[in-house]
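Visitor: Which chain is which? The protein sequence lines are L and Y, in order.
If you read the first sequence in the working numbering, its first letter stands for residue 1, the second for the next number, and so on.
If you read the second sequence in the working numbering, its first letter stands for residue 287, the second for the next number, and so on.
Each residue gets a CB set at the ideal place from its N, CA and C atoms; glycine is no exception.
Number of protein chains: 2
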Amino acid sequence: MAQSTAPAAIGDSEFDRDTSVRARAGEPGTYDAELSEGWTIVSAINGGYLLAVAARALREELPHPDPLTITAHYLTSAQPGPAVVRTQTARAGRSMSTGQASVFQYDEHGDEVERLRVLTAYGDLDALTDEVRTSARPPEMPGYDACVGTESAPENAPFVGSTAIMDRLDVRLDPATAGWAIGAPSGVGAIRGWLGLADGRDHDPLSLLLAVDALPPTAFDLGLKGWTPTLELTVHVRCRPAPGPVRISLTTRNLAGGLLEEDAEVWDSADRLVAQSRQLARAPRG
Amino acid sequence: MAQSTAPAAIGDSEFDRDTSVRARAGEPGTYDAELSEGWTIVSAINGGYLLAVAARALREELPHPDPLTITAHYLTSAQPGPAVVRTQTARAGRSMSTGQASVFQYDEHGDEVERLRVLTAYGDLDALTDEVRTSARPPEMPGYDACVGTESAPENAPFVGSTAIMDRLDVRLDPATAGWAIGAPSGVGAIRGWLGLADGRDHDPLSLLLAVDALPPTAFDLGLKGWTPTLELTVHVRCRPAPGPVRISLTTRNLAGGLLEEDAEVWDSADRLVAQSRQLARAPRG
Numbered sequence: 001m002a003q004s005t006a007p008a009a010i011g012d013s014e015f016d017r018d019t020s021v022r023a024r025a026g027e028p029g030t031y032d033a034e035l036s037e038g039w040t041i042v043s044a045i046n047g048g049y050l051l052a053v054a055a056r057a058l059r060e061e062l063p064h065p066d067p068l069t070i071t072a073h074y075l076t077s078a079q080p081g082p083a084v085v086r087t088q089t090a091r092a093g094r095s096m097s098t099g100q101a102s103v104f105q106y107d108e109h110g111d112e113v114e115r116l117r118v119l120t121a122y123g124d125l126d127a128l129t130d131e132v133r134t135s136a137r138p139p140e141m142p143g144y145d146a147c148v149g150t151e152s153a154p155e156n157a158p159f160v161g162s163t164a165i166m167d168r169l170d171v172r173l174d175p176a177t178a179g180w181a182i183g184a185p186s187g188v189g190a191i192r193g194w195l196g197l198a199d200g201r202d203h204d205p206l207s208l209l210l211a212v213d214a215l216p217p218t219a220f221d222l223g224l225k226g227w228t229p230t231l232e233l234t235v236h237v238r239c240r241p242a243p244g245p246v247r248i249s250l251t252t253r254n255l256a257g258g259l260l261e262e263d264a265e266v267w268d269s270a271d272r273l274v275a276q277s278r279q280l281a282r283a284p285r286g
Numbered sequence: 287m288a289q290s291t292a293p294a295a296i297g298d299s300e301f302d303r304d305t306s307v308r309a310r311a312g313e314p315g316t317y318d319a320e321l322s323e324g325w326t327i328v329s330a331i332n333g334g335y336l337l338a339v340a341a342r343a344l345r346e347e348l349p350h351p352d353p354l355t356i357t358a359h360y361l362t363s364a365q366p367g368p369a370v371v372r373t374q375t376a377r378a379g380r381s382m383s384t385g386q387a388s389v390f391q392y393d394e395h396g397d398e399v400e401r402l403r404v405l406t407a408y409g410d411l412d413a414l415t416d417e418v419r420t421s422a423r424p425p426e427m428p429g430y431d432a433c434v435g436t437e438s439a440p441e442n443a444p445f446v447g448s449t450a451i452m453d454r455l456d457v458r459l460d461p462a463t464a465g466w467a468i469g470a471p472s473g474v475g476a477i478r479g480w481l482g483l484a485d486g487r488d489h490d491p492l493s494l495l496l497a498v499d500a501l502p503p504t505a506f507d508l509g510l511k512g513w514t515p516t517l518e519l520t521v522h523v524r525c526r527p528a529p530g531p532v533r534i535s536l537t538t539r540n541l542a543g544g545l546l547e548e549d550a551e552v553w554d555s556a557d558r559l560v561a562q563s564r565q566l567a568r569a570p571r572g
């Protein structure tokens with residue numbers, strides 16, 4: 001197999017390079033990052049990618065490796081370019097630690113502008129018991145090969161094809177939830193799909209933070225068009241994911257007062273529920 | 287009607303008095319509070335009540351009145367007695383503001399110990415549009431009079447009767463989810479019930495923060511006994527509740543690695559979904 005076609009490894013991939021952070025000398029808890037234009041939607045940095053950058057800085061800072069629960073508030077729209085992550089440890093316990101982080105970029109005067117504020121508890125997923133007792137079942141959806149990639153979307157479909165992030169992701173949608181791309185949304189408020197990384201890197205807890213916010217929004221399946229800006233996103237990472245693409249099920253039940261919740265479940269190749277998330281977003285006006 | 291039997295009003299009730307905060311002179315953003323032993327479970331302060339105290343300080347501090355989404359991380363166990371809430375405004379926008387707060391108590395040396403850290407977005411529920419488009423339905427459960435109050439629980443039932451908070455609440459459980467009180471849990475992981483405040487005060491957005499954490503834990507319905515400490519709780523308040531007790535549906539689907547999620551939906555007397563919440567908790571060992 002040629003080197004160029006070998007799948008990228010966790011720790012040596014586009015996602016890892018583009019979420020890397022460097023400790024700033026003389027400023028404890030402060031990390032410099034470069035937000036990559038490879039993870040933009042139209043011209044804005046994807047929210048899940050931005051969260052992963054903050055989570056990587058927190059992994060450096062906190063004594064535990066994995067985000068067990070992480071909440072992000074999106075304050076202003078992030079752009080490709082330099083950023084700084086300032087972290088703080090709230091409490092460091094034996095099996096779990098609590099921290100917070102803010103991601104800043106710079107305005108035209110060089111002043112810091114806050115993009116994202118994060119509050120989180122980290123632990124060690126490998127130290128948890130193997131006990132599983134669940135009534136949750138994987139989403140009913142076709143296999144990877146029977147789902148549709150973005151290469152088969154019509155050119156005028158919203159988002160698809162117009163955004164850099166699609167080159168970094170391997171997205172395959174359940175055809176039953178892809179009708180919006182040809183003007184026939186189901187109206188249910190559901191999006192299901194497979195998600196891998198385009199360079200073949202397997203998922204880890206950090207890429208799951210990207211995964212919950214990487215599919216097209218449920219608003220499209222409700223027949224709405226336009227931007228669905230996330231106000232707040234909370235992700236629970238429940239298990240280290242097994243190799244291979246994950247299945248993601250997004251659902252929205254309640255659109256009210258111009259706001260909607262979007263719930264995500266992420267399932268791995270071993271049929272384990274590896275992440276659950278909910279976000280509160282502003283509904284598109286369309 | 288005698289004065290003593292008139293229902294308490296929002297703003298003049300046990301809940302309002304016990305969550306009140308006083309701005310500390312000369313320290314902007316800092317509020318003193320007194321955590322009341324009336325809201326304890328065994329000897330610990332209830333997590334929803336503690337969150338409501340923080341939310342009241344944030345209401346004083348932020349330019350908008352209502353928590354739209356609020357996340358709490360529980361760091362150490364709070365006790366009745368003095369507390370201080372330190373708030374910070376992250377961003378104040380036109381229709382929404384983002385803030386954070388920490389609740390501290392004092393150790394035996396008088397040093398501050400952090401109990402709770404909160405990250406939140408506030409807005410004005412009355413300023414949202416009346417638009418509702420929902421596929422969510424109220425829980426199927428008996429009416430208030432057909433549900434069972436704590437006065438009918440056996441003396442040795444876990445929690446019930448042993449905790450001060452039960453005197454402040456009017457809890458009526460769906461008999462189908464109350465079997466654990468007589469040693470016959472359903473195993474499903476569901477708790478449903480009606481919740482009012484004992485003095486007749488109607489609900490408002492702050493008391494909904496209490497409501498999502500006030501019923502017995504779903505772990506009891508799974509047949510587990512003991513403490514289910516909340517690590518993190520996120521509440522979305524979607525609508526100002528109509529008068530009267532609310533219906534609450536709690537569900538747990540995934541207990542894994544010693545952790546479980548507990549989802550709450552809160553419905554008002556007008557059949558509107560007024561709050562959604564999810565918490566990550568440590569499962570009891572029992």
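1) What is the rounded straight-line gap between the Cα of Y:Gly385 and the Cα of L:Ser207?
2) Here's the rule: buried if 16 or more other CB atoms are within 10 angstroms of the residue's CB, otherwise exposed. What is Y:Ala358?
3) According to the Cβ coordinates, are L:Asp199 and L:Ala55 closer than 8 Å?
4) Bridge partners for L:Asn46 per DSSP, in chain order?
5) Grouping DSSP H, G and I as helix and E and B as strand, with all else coil, what is Y:Glu300?
6) DSSP state of L:Gly161, grouped into three classes?
7) Can you give me the C-alpha to C-alpha distance between Y:Ala309 and Y:Glu323, rounded to a whole angstrom?
8) Along the beta strand (DSSP E) that carries L:Ala23, what are the first and last residues, could you check?
9) Measuring CA to CA, which of Y:Val552, Y:Ser383, Y:Tyr430 is closest to Y:Thr373?
10) Measure from the C-beta of Y:Ala422 to each C-beta in chain L and report whether the shortest distance is under 8 Å.
11) Does the CB of Y:Thr384 have a neighbour CB from chain L at under 8 Å?
12) So, do the region 540-554 of chain Y and the region 99-118 of chain L have three or more beta carbon pairs nearer to each other than 8 Å?
13) Mind checking Y:His350: buried by the 16 CB within 10 Å criterion, or exposed?
14) Let me know if L:Ala264 comes out buried or exposed under the rule of 16 or more other beta-carbons within 10 Å of its beta-carbon.
15) Can you tell me whether Y:Tyr392 is buried or exposed, with buried defined as 16 or more other CB within 10 angstroms of its CB?
16) Would you kindly work out how many angstroms separate the C-alpha atoms of Y:Ser306 and Y:Arg487, rounded to a whole number?
17) Which residues of chain Y have a Cβ atom closer than 8 Å to the Cβ of L:Gly287, listed in chain order?
18) So, is the C-beta of L:Thr234 closer than 8 Å to a C-beta in chain Y?
19) According to DSSP, is Y:Val339 part of a helix, a strand, or is it coil?
20) Look at the Cβ atom of L:Gly193, then the Cβ atom of L:Arg172, and state whether they are nearer than 8 Å.
21) Can you give me the start and stop residues for the beta strand (DSSP E) that L:Asp221 sits inside?
22) Does any C-beta atom of chain L lie closer than 8 Å to the C-beta of Y:Ala564?
23) Could one say the Cβ of L:Asn46 lies closer than 8 Å to chain C's Cβ atoms, at least one of them?
24) Using CA atoms only, rank isn't needed, just tell me which of L:Ala214, L:Ser277, L:Ala83 is closest to L:Ala33.
25) Hey, out of L:Arg285, L:Phe104, L:Val237, whose CA is closest to L:Thr30's CA?
26) Let me make sure I understand the geometry here. Which of L:Thr134, L:Val246, L:Arg17 has the alpha-carbon closest to that of L:Ala52?
27) Terminal residues of the continuous beta strand (DSSP E) containing Y:Ser563?
28) Using a C-beta to C-beta distance shorter than 8 Å, which residues of chain Y count as neighbours of L:Gly189?
29) Is L:Pro82 helix, strand or coil when you go by DSSP?
30) Does any residue of chain Y bring its CB to less than 8 Å from the CB of L:Glu61?
31) Using the three-state DSSP reduction, which class does Y:Ala407 fall into: helix, strand or coil?
32) Using a Cβ-Cβ cut-off of less than 8 Å, give me the residues of the region 65-94 of chain L that come near chain Y, in sequence order.
33) Check the DSSP bridge columns for L:Thr234 and list the partner residues they point to.
34) Do Y:Thr449 and Y:Arg401 have their C-beta atoms closer together than 8 Å?
35) Near Y:Ser299, what residues of its chain come up, given a Cβ to Cβ distance below 7 Å and the 5 sequence neighbours on each side ignored?
36) Suppose the cutoff is 8 Å on Cβ atoms and the five residues either side in sequence are ignored; what does the same chain contact list for L:Glu232 look like?
Guide: Let me spell this out:
1) 27 Å
2) Buried.
3) no
4) Per DSSP, none; premise fails for L:Asn46.
5) helix
6) For L:Gly161, the pLDDT reaches just 48, beneath the cut-off of 50, and the residue's location in the model is therefore unreliable, although a value from the coordinates is still provided. In this structure, L:Gly161 counts as coil in the three-state DSSP scheme.
7) 22 Å
8) 21-23
9) Y:Ser383
10) yes
11) yes
12) no
13) buried
14) buried
15) Looking at its Cβ environment, which holds fewer than 16 other Cβ atoms inside 10 Å, Y:Tyr392 is exposed.
16) 15 Å
17) No answer is possible for residue 287 of chain L: the residues shown for chain L start at 1 and end at 286.
18) yes
19) helix
20) Against a cut-off of 8 Å, the Cβ pair of L:Arg172 and L:Gly193 comes out as a contact.
21) Run containing L:Asp221: none in the beta strand (DSSP E); it sits in the alpha helix (DSSP H), 218-221.
22) Strictly speaking, residue 564 of chain Y in this sequence is Arg, with Ala absent from that position. So yes, Y:Arg564 belongs to the interface.
23) Absent from the structure is chain C; the protein chains it does hold are L and Y.
24) Nearest option by C-alpha distance: L:Ala83.
25) L:Phe104
26) L:Arg17
27) 559-568
28) Ser421
29) strand
30) no
31) strand
32) Leu68, Thr69, Thr71, His73, Leu75, Thr76, Ala90, Arg91
33) L:Thr71, L:Arg278
34) no
35) Leu483, Asp485, Arg487
36) Thr71, Ala72, His73, Tyr74, Gln279, Leu280
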